[in-house]
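Asks: Listed in order, the protein sequences are those of chains A and B. Going by my numbering, the first sequence opens with residue 1, and the numbers climb by one from there. Going by my numbering, the second sequence opens with residue 1, and the numbers climb by one from there. Glycine is no exception: its CB is placed at the ideal position from the N, C-alpha and C atoms.
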Amino acid sequence: MDESRIRNFSIIAHIDHGKSTLADRILELTNVVSKRQMQDQILDSMDLERERGITIKLNAVKLDYQYQGQTYNLNLIDTPGHVDFSYEVSRSLAACEGAILVVDASQGIEAQTLANLYLAMEDDLQIIPVINKIDLPNADIPKVKKELMSVLGFKEEEIILCSGKTGEGVKELLDAVVERINPPVINKKAKTRALIFDSYFDSYRGVVLLVKIVDGTIKVKDKIKMMAMHSTFEVTEVGVNMINNVPLEELSSGMVGYICASIKEIDKVAVGDTVTVEGNEADTPLAGYKKMKPMVFSGIFPTESNRYDELKEALEKLKLNDASLTIEPETSVALGFGFRTGFLGLLHMDIILTRLEREFNLDTIATSPSVVYKVTLTNGEVIEIDSPHKMPDKAKISKIEEPYIYTNIIAPSEYIGPIMTLCQNKRGIYKTTDYIDESRVNIHYEIPLGEIVYDFYDKLKSSTKGYASFDYEISDYKESNLVKMDILLNGEAVDALSVIVHKDFAYSKGRAITNKLRTLIPRQMFQVPIQASIGSSIIARENIPAMRKNVLAKCYGGDVSRKRKLLEKQKEGKKRMKMVGSVEVPQEAFLAVLSDDE
Amino acid sequence: MQEKSVYIHIPFCKKICSYCDFCKFIYNSKWVDDYLIALKKEIEDHYQWETIKTLYIGGGTPSSLDEKQLNNLFQMLKIFKLASNYEFTFECNLNDINDKLINVLVKNGVNRLSIGIESFDLDNLQFMNRTASFEEAQKKIKLCKEIGLNNINIDLIYALPNESIEVLKKDLDYFIKLDISHISTYSLMIENHTMLSYQNIKPIDEDLDAKMYELICNTLKKKGFIHYEISNFAREGFESKHNLVYWNNEEYYGFGLGASGYLNNVRYTNTQNLNDYLKGKTILEEEHLSQKETMDYEIMLGLRKIKGINLEKFYEKYHVQLQEEYPIDNLIKEKKLIIKNGNIFINPDKLYIMNEILVKLL
Numbered sequence: 001m002d003e004s005r006i007r008n009f010s011i012i013a014h015i016d017h018g019k020s021t022l023a024d025r026i027l028e029l030t031n032v033v034s035k036r037q038m039q040d041q042i043l044d045s046m047d048l049e050r051e052r053g054i055t056i057k058l059n060a061v062k063l064d065y066q067y068q069g070q071t072y073n074l075n076l077i078d079t080p081g082h083v084d085f086s087y088e089v090s091r092s093l094a095a096c097e098g099a100i101l102v103v104d105a106s107q108g109i110e111a112q113t114l115a116n117l118y119l120a121m122e123d124d125l126q127i128i129p130v131i132n133k134i135d136l137p138n139a140d141i142p143k144v145k146k147e148l149m150s151v152l153g154f155k156e157e158e159i160i161l162c163s164g165k166t167g168e169g170v171k172e173l174l175d176a177v178v179e180r181i182n183p184p185v186i187n188k189k190a191k192t193r194a195l196i197f198d199s200y201f202d203s204y205r206g207v208v209l210l211v212k213i214v215d216g217t218i219k220v221k222d223k224i225k226m227m228a229m230h231s232t233f234e235v236t237e238v239g240v241n242m243i244n245n246v247p248l249e250e251l252s253s254g255m256v257g258y259i260c261a262s263i264k265e266i267d268k269v270a271v272g273d274t275v276t277v278e279g280n281e282a283d284t285p286l287a288g289y290k291k292m293k294p295m296v297f298s299g300i301f302p303t304e305s306n307r308y309d310e311l312k313e314a315l316e317k318l319k320l321n322d323a324s325l326t327i328e329p330e331t332s333v334a335l336g337f338g339f340r341t342g343f344l345g346l347l348h349m350d351i352i353l354t355r356l357e358r359e360f361n362l363d364t365i366a367t368s369p370s371v372v373y374k375v376t377l378t379n380g381e382v383i384e385i386d387s388p389h390k391m392p393d394k395a396k397i398s399k400i401e402e403p404y405i406y407t408n409i410i411a412p413s414e415y416i417g418p419i420m421t422l423c424q425n426k427r428g429i430y431k432t433t434d435y436i437d438e439s440r441v442n443i444h445y446e447i448p449l450g451e452i453v454y455d456f457y458d459k460l461k462s463s464t465k466g467y468a469s470f471d472y473e474i475s476d477y478k479e480s481n482l483v484k485m486d487i488l489l490n491g492e493a494v495d496a497l498s499v500i501v502h503k504d505f506a507y508s509k510g511r512a513i514t515n516k517l518r519t520l521i522p523r524q525m526f527q528v529p530i531q532a533s534i535g536s537s538i539i540a541r542e543n544i545p546a547m548r549k550n551v552l553a554k555c556y557g558g559d560v561s562r563k564r565k566l567l568e569k570q571k572e573g574k575k576r577m578k579m580v581g582s583v584e585v586p587q588e589a590f591l592a593v594l595s596d597d598e
Numbered sequence: 001m002q003e004k005s006v007y008i009h010i011p012f013c014k015k016i017c018s019y020c021d022f023c024k025f026i027y028n029s030k031w032v033d034d035y036l037i038a039l040k041k042e043i044e045d046h047y048q049w050e051t052i053k054t055l056y057i058g059g060g061t062p063s064s065l066d067e068k069q070l071n072n073l074f075q076m077l078k079i080f081k082l083a084s085n086y087e088f089t090f091e092c093n094l095n096d097i098n099d100k101l102i103n104v105l106v107k108n109g110v111n112r113l114s115i116g117i118e119s120f121d122l123d124n125l126q127f128m129n130r131t132a133s134f135e136e137a138q139k140k141i142k143l144c145k146e147i148g149l150n151n152i153n154i155d156l157i158y159a160l161p162n163e164s165i166e167v168l169k170k171d172l173d174y175f176i177k178l179d180i181s182h183i184s185t186y187s188l189m190i191e192n193h194t195m196l197s198y199q200n201i202k203p204i205d206e207d208l209d210a211k212m213y214e215l216i217c218n219t220l221k222k223k224g225f226i227h228y229e230i231s232n233f234a235r236e237g238f239e240s241k242h243n244l245v246y247w248n249n250e251e252y253y254g255f256g257l258g259a260s261g262y263l264n265n266v267r268y269t270n271t272q273n274l275n276d277y278l279k280g281k282t283i284l285e286e287e288h289l290s291q292k293e294t295m296d297y298e299i300m301l302g303l304r305k306i307k308g309i310n311l312e313k314f315y316e317k318y319h320v321q322l323q324e325e326y327p328i329d330n331l332i333k334e335k336k337l338i339i340k341n342g343n344i345f346i347n348p349d350k351l352y353i354m355n356e357i358l359v360k361l362l
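Below, the structure written as structure tokens:
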């Protein structure tokens, strides 16, 4: 293989802009899969991805493409579109020399497209702008072209028009990939350095590393060494991924492929690390990644406490190819043993919880997400707090700072009013509004991240009829008048229900949470008071009245078996609840603050 | 051979009540004739010649059958060898009661009548798609007694949407005035596949429901009724022997469409498909019980009785101590269960939340 005919690229797109469909057409055109094998959106291999129409984990696939009588080797590395996954995006971009920017012909540029595009531009990638879905009846090609030119500075002749649905323009696009994207810099003679951009666990082969070979070569029987983790393994198989793995004798500089080395222990390898070969050992590792810090923390506990070990193992497996996930053991008086788990954002959290349930069959309880607060103590020490119940005593705190984000909210201009009202209500600080064109704006606010993790996204969608798209970057920490609010059930504070709130909003939040809990917690055999307190003062109170009726009023011959089944069902329902003191609390209650209707 | 009981289901009605989820069809003379043939066959195929201590004809509306059909039905029941102190109940609609019907019943050995009245309140009746009046009830019950039928139950349904405690009080007064020996009361249940569920009717507030139940218990007790099962009240000596068979977890035959039975440690349910039944495909499903399951049933049913379960009898029956087999300690400590005079029973204050207790036990 002539390395000058390698092209490594990824596709950047907003959710729903048709990236996966376009990728499917590319796979077809390069005969990686025949039309008959074609399963829609073949790169999205997790069920969850197909269901939600979003790509979560990146995938890499090697394509052979004929251009002017020559075979080119195109490596398509897929990227996720959602802001929570920008870490994944930066990982895949690091393995590429170019990227295709996909914009929907009927929607135009969206907030998430911008965020990912900026990441690509920071990495100096060659960008190919594409307007997709040109077959749609409401496609407005001139308008979207104008956006690409005025907002992002592309030239009109650079823009490729295509349709993932009909396949129109896909060949032209692949030609552009060959023509415009640089081949990787080849350095076969140098000491071996390969970037691990992803990994997954295969029960037969152990950990499989997905790598880009930057310098040198790696072949079977080589002793490889992880430069950061200092672990060594013997290579059992190398190859490239053409939907299925295709083993090769060696991988060399410029290539994207996989390595198996009978790696059984998950914690011996890390995504972002550099692989080198013993005997041809590199002196310095590759730059790796800008480490994404998890922004949202939640306690995750097994509903059945005897499944703690299973939960631990499951989280470790998920962490293997999701380095942004952090896990740390946590103990809760109410929920027992579990993990303080850090996520990039709420969608990320939701996906992990769903994967725990679907892939590992684990029933979990998640506590309300929290951000990381910087707390300055009266003695001058600064500590980071990622869980409300770790908040020190009020008397010991001199100030609390919380993270703010800088928003890109792109929406039709008629929604400026509702968007600003929403941001104001979320303690937002107005910055500026950019006009994308006459009818679309990009509104910039600074908003505490702690407000975003609740229901900001849903509220934005509903107040703009779904027209707004939203993305953010972390800006900085600002001092806020924050307090810890405890929730008491039957007179006892439940650590897992504590939240940090702004003092000015504490009363309304306290009322909303107690009210919500009253509807979520079923009646018990005795009356249960629910209280919200700040320090020793109670700021809101509700009562769950004692249960008065739970009986099979009528039970005769014909009913007997059926009635017993009914009791079995009630019993199953109870199993899913958690005993907190003497109160049975359903799982949803621990996320009550998330869905409060203020 | 152990004595057994028999339940016979007549799944025909002239009118369908809005809350009813029993197996029933609008009366059709031809179907009834065919049905009686199939019923006769089912009985003859299965009855093992045990002595029958109680016989219960329920529905549906057994009184919807015409005279010929009734005679036909009673003729086939002659097969049963009845105990000397047998109880034979016939379910009956108030409107169907007349001189002729009662005479037929008495002549054929019926000695207990169960009349579904449910309420005298016009709004309630309309809601249930039923009719009744106090005067009519008074007249007809008098007639029954004159002919010699003294053991009469009437059903009362309460906790209907929009029903107030005052309406229930009036109903209770009327029911007591009828001077009958047995009253069954039910808080309205909105079951699947009933007209009420299709209309998306919601149950009334749980607190009001519980208050109504308290009112019923207190009122009837004051008037000399014995509260002997969660929903059942009787004058002394008039407790329903047949229903006690269910609650004592004893065995019984169930004949007819949709009927259930319990024989030789198997609980079975008949098909609700009329065509299958007429073709002789009677049994739909069977539940073969382990000892543990049998004991679970014993507890679930036995604790419905105010007197509860006799611990010694439980031991005789299963050769294990109830106290050792089931986690009762906490429930006793919390005064939800009480042990007294060799019986274990639910604290009367907690009867209306019985499921909470059962779920902890089973």
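Could you tell me if Phe470 of chain A is buried or exposed, where buried requires 16 or more neighbouring beta carbons within 10 angstroms of its beta carbon?
Replies: Counted from its first residue, the first sequence places residue 470 of chain A at position 470. With 16 or more Cβ atoms within 10 Å of its Cβ, Phe470 of chain A is classed as buried.
Asks: Buried or exposed, going by whether 16 or more other CB atoms sit within 10 Å of the CB of Ser298 of chain A?
Replies: Here residue 298 of chain A refers to the residue found at position 298 of the first sequence. Label assigned to Ser298 of chain A: buried.
Asks: With a Cβ-Cβ cutoff of 8 Å, do Leu361 of chain B and Tyr326 of chain B count as a contact?
Replies: Position 361 of the second sequence holds residue 361 of chain B. Position 326 of the second sequence holds residue 326 of chain B. Yes, the pair counts as a contact, with Cβ atoms nearer than the cut-off.
Asks: For Leu172 of chain B and Thr131 of chain B, which I take to be in contact (beta-carbon distance under 8 Å), what is that distance rounded to the nearest angstrom?
Replies: The sequence position of residue 172 of chain B within the second sequence is 172, counting from 1. The sequence position of residue 131 of chain B within the second sequence is 131, counting from 1. Taking a contact as a CB-CB distance under 8 Å, the pair Leu172 of chain B and Thr131 of chain B does not count as one, their CB atoms being some 20 Å apart.
Asks: If we cut at 8 Å on Cβ distances, does Cys96 of chain A have a partner in chain B?
Replies: Taking the first residue of the first sequence as position 1, residue 96 of chain A is located at position 96. Cys96 of chain A does not count as touching chain B.
Asks: Any idea which residues DSSP pairs Pro529 of chain A with across the strands?
Replies: Your numbering for residue 529 of chain A matches position 529 in the first sequence. Pro529 of chain A is bridged to A:Asn543.
Asks: Looking at chain A, is there any beta carbon in it that lies within less than 8 Å of the beta carbon of Arg304 of chain B?
Replies: As a first step, residue 304 of chain B is located in the second sequence; it is residue number 304 there, counting from the start. For Arg304 of chain B, the answer is yes, since a Cβ of chain A falls inside 8 Å of its Cβ.
Asks: Output the distance between the C-alpha atoms of Leu591 of chain A and Phe456 of chain A, rounded to the nearest integer angstrom.
Replies: Within the first sequence, residue 591 of chain A is the residue found at index 591, counting from 1. Within the first sequence, residue 456 of chain A is the residue found at index 456, counting from 1. Note on geometry: alpha-carbon atoms of Leu591 of chain A and Phe456 of chain A lie some 15 Å from one another.
Asks: Comparing alpha-carbon positions, which option in A:Ser305, A:Arg193, A:Gly167 and A:Glu384 lies nearest Lys219 of chain A?
Replies: In the first sequence, residue 219 of chain A corresponds to position 219, counting from 1. Per the Cα distances, A:Arg193.
Asks: What are the boundary residues of the beta strand (DSSP E) that His444 of chain A is part of?
Replies: By one-based count along the first sequence, residue 444 of chain A stands at place 444. Start and end: Arg440 to Pro448.
Asks: Assuming Ile419 of chain A and Arg440 of chain A make a contact with CB atoms under 8 Å, what is their CB distance in whole Å?
Replies: Looking up residue 419 of chain A in the first sequence gives position 419. Looking up residue 440 of chain A in the first sequence gives position 440. Not confirmed; about 12 Å, so no contact.
Asks: So does Gly535 of chain A have its beta carbon nearer than 7 Å to some heavy atom of the ligand ATP?
Replies: By its list of ligands, the structure shown contains no ligand whatsoever, and the ligand ATP lies outside what it can speak to.
Asks: Tell me which residues of the region 317-351 of chain B have at least one Cβ-Cβ distance to chain A shorter than 9 Å, keeping chain order.
Replies: When C-beta distances to chain A are compared with 9 Å, the residues of the region 317-351 of chain B below that value are Glu334, Lys336, Lys350 and Leu351, in chain order.
Asks: Along the beta strand (DSSP E) that carries Gly18 of chain A, what are the first and last residues, could you check?
Replies: Counting from one through the first sequence, the residue named residue 18 of chain A turns up at place 18. Careful: Gly18 of chain A lies outside any beta strand (DSSP E) and carries neither H nor E.
Asks: Are the C-beta of Met295 of chain B and some C-beta of chain A separated by less than 8 Å?
Replies: As a working mapping, residue 295 of chain B is identified with position 295 in the second sequence. Answer no: the Cβ-Cβ gap between Met295 of chain B and chain A never drops below 8 Å.
Asks: Using the Cα positions of Ser253 of chain A and Ser199 of chain A, report the straight-line distance between them to the nearest angstrom.
Replies: Here residue 253 of chain A is taken as the residue at index 253 of the first sequence, counted from 1. Here residue 199 of chain A is taken as the residue at index 199 of the first sequence, counted from 1. The C-alpha of Ser253 of chain A lies about 19 Å from the C-alpha of Ser199 of chain A.
Asks: Hey, how far is the Cα of Glu250 of chain B from the Cα of Val560 of chain A?
Replies: Indexing the second sequence from 1 puts residue 250 of chain B at position 250. Indexing the first sequence from 1 puts residue 560 of chain A at position 560. Going from the Cα of Glu250 of chain B to the Cα of Val560 of chain A covers about 12 Å.
Asks: Indicate the three-state DSSP secondary structure (helix, strand or coil) for Asp273 of chain A in the structure shown.
Replies: Locating residue 273 of chain A in the first sequence gives position 273, counting from the first residue. If DSSP states are grouped into helix, strand and coil, Asp273 of chain A belongs with coil.
Asks: Near Gly336 of chain A, what residues of its chain come up, given a Cβ to Cβ distance below 7 Å and the 5 sequence neighbours on each side ignored?
Replies: In the first sequence, the residue the question calls residue 336 of chain A occupies position 336. Taken in chain order, the residues that qualify are Phe301 and Ser305.
Asks: Take the Cβ of Asp386 of chain A as the centre, count every other Cβ of all protein chains shown within 10 Å, and call the residue buried at 16 or more, exposed below.
Replies: Against the first sequence, residue 386 of chain A aligns to sequence position 386. Under this definition Asp386 of chain A is a buried residue.
Asks: Under the three-state reduction of DSSP, which class applies to Val266 of chain B: helix, strand or coil?
Replies: Counting from 1 along the second sequence, the entry for residue 266 of chain B is found at position 266. DSSP, read as helix, strand or coil, puts Val266 of chain B in strand.
Asks: Can you name the start and end residues of the beta strand (DSSP E) that Lys223 of chain A belongs to?
Replies: Here the question's residue 223 of chain A lines up with position 223 in the first sequence. Counting along the chain, the beta strand (DSSP E) containing Lys223 of chain A begins and ends at Lys223 to Met226.
Asks: Can you look up Met242 of chain A in the DSSP assignment and give me helix, strand or coil?
Replies: In the first sequence, counting from the first residue as 1, residue 242 of chain A sits at position 242. Met242 of chain A falls in the strand class under three-state DSSP.
Asks: For Met212 of chain B, does the three-state DSSP call read helix, strand or coil?
Replies: The residue labelled residue 212 of chain B in the question sits at position 212 within the second sequence. Helix at Met212 of chain B.
Asks: Can you tell me whether Met295 of chain B is helix, strand or coil according to DSSP?
Replies: Position 295 of the second sequence, counted from the first residue, corresponds to residue 295 of chain B. Three-state result, Met295 of chain B: helix.
Asks: Of all Cβ atoms in chain A, is any one closer than 8 Å to the Cβ of Arg112 of chain B?
Replies: Here residue 112 of chain B refers to the residue found at position 112 when the second sequence is read from its first residue. Not one chain A Cβ lies under 8 Å of Arg112 of chain B.
Asks: Look at Glu229 of chain B and Lys305 of chain B and say whether their C-beta atoms are less than 8 Å apart.
Replies: On the second sequence, residue 229 of chain B is found 229 positions in, with the first residue counted as 1. On the second sequence, residue 305 of chain B is found 305 positions in, with the first residue counted as 1. Using a Cβ distance threshold of 8 Å, Glu229 of chain B and Lys305 of chain B count as a contacting pair.
Asks: Quick check on Ala185 of chain A: buried or exposed, where buried means 16 or more other Cβ atoms within 10 Å of its Cβ?
Replies: Translated into the one-based positions of the first sequence, residue 185 of chain A becomes position 185. Correcting the residue type first, residue 185 of chain A is Val in the shown sequence and not Ala. With fewer than 16 other Cβ atoms inside 10 Å of its own Cβ, Val185 of chain A counts as exposed.
Asks: Are Gly98 of chain A and Gln126 of chain A touching if we call contact CB-CB under 8 Å?
Replies: Counting from 1 along the first sequence, the entry for residue 98 of chain A is found at position 98. Counting from 1 along the first sequence, the entry for residue 126 of chain A is found at position 126. Yes, the pair counts as a contact, with Cβ atoms nearer than the cut-off.
Asks: What does Ser561 of chain A reach in chain B if we use C-beta pairs closer than 8 Å?
Replies: For the purposes of this step, residue 561 of chain A is identified with residue 561 of the first sequence, where counting begins at 1. The answer, in chain order, is Ser260, Arg267, Thr269 and Glu287.
Asks: Can you name the residues that DSSP bridges to Ser114 of chain B?
Replies: Stepping through the second sequence from its first residue, residue 114 of chain B is reached at position 114. Answer is B:Glu91 and B:Asn153.
Asks: Under the assumption that Thr514 of chain A contacts Arg541 of chain A (Cβ atoms under 8 Å), give the Cβ distance between them as a whole number of angstroms.
Replies: To locate residue 514 of chain A, count along the first sequence from 1; it is residue 514. To locate residue 541 of chain A, count along the first sequence from 1; it is residue 541. Confirmed, about 7 Å.
Asks: For a contact meaning CB atoms closer than 8 Å, what does Ile378 of chain B contact in chain A?
Replies: Within the shown structure, residues of chain B are numbered from 1 to 362, placing residue 378 of chain B beyond reach of any answer.
Asks: Do the region 42-56 of chain B and the region 74-89 of chain B touch if we need at least three Cβ pairs shorter than 8 Å?
Replies: yes
Asks: At the 8 Å Cβ level, is Asn218 of chain B part of the contact set with chain A, yes or no?
Replies: Stepping through the second sequence from its first residue, residue 218 of chain B is reached at position 218. Closer than 8 Å: no.
Asks: Please list the partners that Glu356 of chain B has in chain A, where partner means a Cβ-to-Cβ separation under 8 Å.
Replies: For this step, residue 356 of chain B is matched to residue 356 along the second sequence. Under the 8 Å cutoff, chain A gives Met525, Met547 and Asn550.
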